[in-house]
Amino acid sequence: MTHDILNYLSASPEHGWLVQLLEAFNRGNLSRIEELQKSPGWLKQPDLVAAASAVPSLLREKATLLGLVEAIFQRPANDRTISFDDIAAATGQGVDKRKCQATN
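Counting from 581, one number per residue, gives the positions in the sequence shown under my numbering.
Here it is in structure tokens:
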């Protein structure tokens with residue numbers, strides 16, 4: 581993610597967390613997203629706090645899908661067949677849950 585606005589925000593002590601959040605969502609890094617949800621920057625944003633409380637599964641599901649996409653595209657173009665174990669590792673969820681979603 582490259583943009584002058586992101587460069588400006590990254591350098592800002594007050595808004596740097598926002599760029600970190602965008603990068604975490606872009607990579608589907610759930611643990612980093614959960615960490616940032618506890619940060620002072622997040623907690624100062626009532627809309628973010630309310631959205632995370634109201635629809636935590638929606639945000640988590642979107643980040644999980646982004647994590648899966650990231651895991652697939654990190655692999656070589658000729659090796660994009662991915663096992664359920666690799667999917668579970670990339671999404672931070674158990675193999676059984678991934679199998680259920682893939683077959684439904």
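Where a beta carbon is used, it is the ideal one built from N, C-alpha and C, also for glycine.
No experiment lies behind these values; they were computed from the predicted model shown.
Specify, as a first and last residue, the run of the alpha helix (DSSP H) that Q600 falls within. 596 to 607
Just the Cα atoms here: how many angstroms apart are L645 and G596? 24 Å
Measure the C-alpha to C-alpha separation of P593 and P620 and round it to an integer number of angstroms. 11 Å
Only counting the same chain, and skipping five residues up and downstream in sequence, which positions put a Cβ closer than 6 Å to that of L586? V599
Is it buried or exposed for N658, if we count other Cβ within 10 angstroms and need 16 for buried? exposed
Just how far apart, CA to CA, sit L669 and N609? It is Ala, not Leu, that sits at residue 669 in the sequence shown. Taking the straight line from one Cα to the other gives about 11 Å.
Do S643 and F605 have their CB atoms nearer than 7 Å? Sequence check: residue 643 is Ala here, not Ser. A contact, by the Cβ cut-off of 7 Å.
Residue from L648, G647, Q617 with nearest C-alpha to S633: Q617
For the alpha helix (DSSP H) that contains I613, what are its first and last residues? 610 to 616
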